[in-house]
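> In the working numbering, the protein residues as written are 3 to 283. All residues carry an ideal CB built from backbone N, CA and C; glycine is no exception. Keep in mind that this is a model prediction, so the values were computed, not measured. The structure follows.
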Amino acid sequence: MMISVGDIVARKSYGMDIYFRVIEIYKKDNVNIAHLKGIDVRLYADAPLSDLVKINTADYQRYLNRVIALVREKKEYIHKERNLRYYMRGNQGEQYFKRPGAVLHLDGDPDYLEMCLNTYKELNIPAYGYVVAEKDQPRLVEELYFKHLPDIIVLTGHDALIKNKIDFHDLNSYRNSRYFVEAVKILRQKIDRDKDNLVIFAGACQSYFEALLEAGANFASSPERVLIHAYDPVFVAEKIAYSSIYDPLTVREVVTNTITGAKGIGGVDTRGKLRLGFPMI
3 MMISVGDIVA RKSYGMDIYF RVIEIYKKDN VNIAHLKGID VRLYADAPLS
53 DLVKINTADY QRYLNRVIAL VREKKEYIHK ERNLRYYMRG NQGEQYFKRP
103 GAVLHLDGDP DYLEMCLNTY KELNIPAYGY VVAEKDQPRL VEELYFKHLP
153 DIIVLTGHDA LIKNKIDFHD LNSYRNSRYF VEAVKILRQK IDRDKDNLVI
203 FAGACQSYFE ALLEAGANFA SSPERVLIHA YDPVFVAEKI AYSSIYDPLT
253 VREVVTNTIT GAKGIGGVDT RGKLRLGFPM I
């Protein structure tokens, strides 16, 4: 079956475990190659057309239904956990208003950014989002920070280990990690070194976790170089945005909020950004 740009495909060599959209087809060494973007994971990949299977509409819909169900389950957990936290703090809702932390989200993928912004809105998180190619994030992040003065910054998009690169501790082995690292360094060197004042999430699928933390990120992907879900940065940001400034969070508490879990997301203990105001008006 002929494969074209825009088609939904899976890779035979990987057991057809992940569905991708074809975003480009090019020729390399007389072989037709497809450039692929994950449907629900933040992964770019390249594969010969001969390795791809075109997914029919029914199978694609079943795949989407599983993804939607997983995300819905996580959102329901977040709402229940958030309500429990308020109850444990004494249910002060009648007297106080809440100011959750605000998020600035830079995303290399316009589709994922739209999905994330819709989820921030659904979860009542103030958020500003920009489509910024990974390579441009170091150049633009400082300007956008001062435009919005957020409490939390998300730097994400797509990433991947480059095929045939075997050194996990070499930035050149990653498609986009160097850009995330550079953007984090700019924020820490020029804006705020205090990880409780400015909370940073950085990375995408298979990103260089250790380098991102060393650069100054609070949370990053991917400790075991696995794929992370498109919504994982949002769920990290939600936990910080809706946890009290009086409550230091263990990294385990934050990672529990994600779909991928500790294999894909890690970081350091960080203080929440939720402030209560008085009086209620």
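(1) Return the bridge partner residues of Asn-34 from the DSSP annotation.
(2) For the beta strand (DSSP E) containing Pro-50, list its first residue and its last residue.
(3) Cα separation between Leu-115 and Gly-205?
(4) Using only alpha-carbon positions, find the residue among Asn-220, Asn-174, Arg-84 and Leu-54 that is nearest to Glu-240.
(5) Which whole-angstrom value is the C-beta distance of Leu-215 and Ile-155, which I expect to be below 8 Å?
(6) Are Ala-217 and Phe-203 touching if we call contact CB-CB under 8 Å?
(7) Among Lys-100, Asp-42 and Ile-164, which residue has its Cα nearest to the Cα of Ile-283?
(8) Checking 8 Å against the spacing of the C-beta atoms, do Gly-40 and Ile-20 come in under that value?
(9) Give me the Cα-Cα distance between Asp-109 and Lys-76, rounded to the nearest whole angstrom.
(10) Taking only three categories from DSSP, how would you classify Lys-275?
(11) By Cβ distance below 7 Å, which residues in the same chain neighbour Tyr-181 in space, the five residues on each side in sequence not counted?
(12) In its own chain, which residues sit with a C-beta less than 7 Å from the C-beta of Pro-250, not counting the 5 before and 5 after it?
(13) Per DSSP, Tyr-132 is paired with what?
(14) For Tyr-210 and Gln-97, I'd like the C-alpha separation in whole angstroms.
(15) On a Cα-Cα basis, can you pick out the residue from Ser-223, Val-256, Pro-235 and Lys-275 that is closest to Gly-266?
(16) Can you check whether the CB of Val-24 is closer than 8 Å to the CB of Val-7?
(17) Give the C-beta separation of Glu-261 and Leu-72 to the nearest angstrom, bearing in mind that I take them to be a contact with Cβ-Cβ under 8 Å.
(18) Taking 8 Å as the limit between beta carbons, can you name the residues of its chain near Pro-112, skipping five residues before and five after?
(19) Give the single residue among Asp-234, Gln-208, His-171 and Leu-38 whose Cα lies nearest to the Cα of Glu-226.
(20) Let me make sure I understand the geometry here. Which of Val-55, Asn-34 and Tyr-46 has the alpha-carbon closest to that of Ser-15?
(21) Can we say the segment 168-178 touches the segment 191-198, given the rule of at least three CB pairs closer than 8 Å?
(22) When the Cα of Val-69 is compared with those of Tyr-233, Phe-237, Leu-276 and Val-238, which residue comes out closest?
(23) What distance in whole Å lies between the Cβ atoms of Phe-237 and Ile-80, which are believed to be in contact at a cut-off of 8 Å?
(24) Quick check on Phe-287: does DSSP put it in helix, strand or coil?
(25) Is the beta carbon of Ala-129 closer than 8 Å to that of Leu-157?
(26) Counting along the chain, where does the alpha helix (DSSP H) carrying Phe-203 start and finish?
(27) According to DSSP, is His-160 part of a helix, a strand, or is it coil?
(28) Alpha carbon to alpha carbon, what distance is there between Glu-145 and Lys-30?
(29) In angstroms, rounded to a whole number, what distance separates the CA positions of Leu-51 and Phe-22?
Walking through what the data contain:
(1) Looking at the DSSP assignment, Asn-34 forms a beta bridge with Lys-29.
(2) 46-50
(3) 14 Å
(4) Sorting Asn-220, Asn-174, Arg-84 and Leu-54 by C-alpha distance to the C-alpha of Glu-240 places Arg-84 at the top.
(5) Wrong, their Cβ atoms sit about 15 Å apart, outside the cutoff.
(6) no
(7) Per the Cα distances, Lys-100.
(8) yes
(9) Approximately 21 Å between the Cα atoms of the pair.
(10) coil
(11) Glu-136, Lys-137, Gln-139 and Pro-140
(12) Asp-271 and Arg-273
(13) Leu-108
(14) 45 Å
(15) Ser-223
(16) A contact, by the Cβ cut-off of 8 Å.
(17) According to the sequence as given, residue 261 is Ile; it is not Glu. Indeed they touch by this definition, with Cβ atoms about 6 Å apart.
(18) Val-133
(19) Gln-208
(20) Val-55
(21) They do not touch, by the three-pair rule.
(22) Tyr-233
(23) 7 Å
(24) Any answer about residue 287 is impossible in this case: the structure gives the chain only from 3 up to 283.
(25) no
(26) Counting along the chain, Phe-203 sits inside no alpha helix (DSSP H); it lies in the beta strand (DSSP E) bounded by residues 201-204.
(27) coil
(28) 38 Å
(29) If I take the Cα positions, the gap works out to 13 Å.
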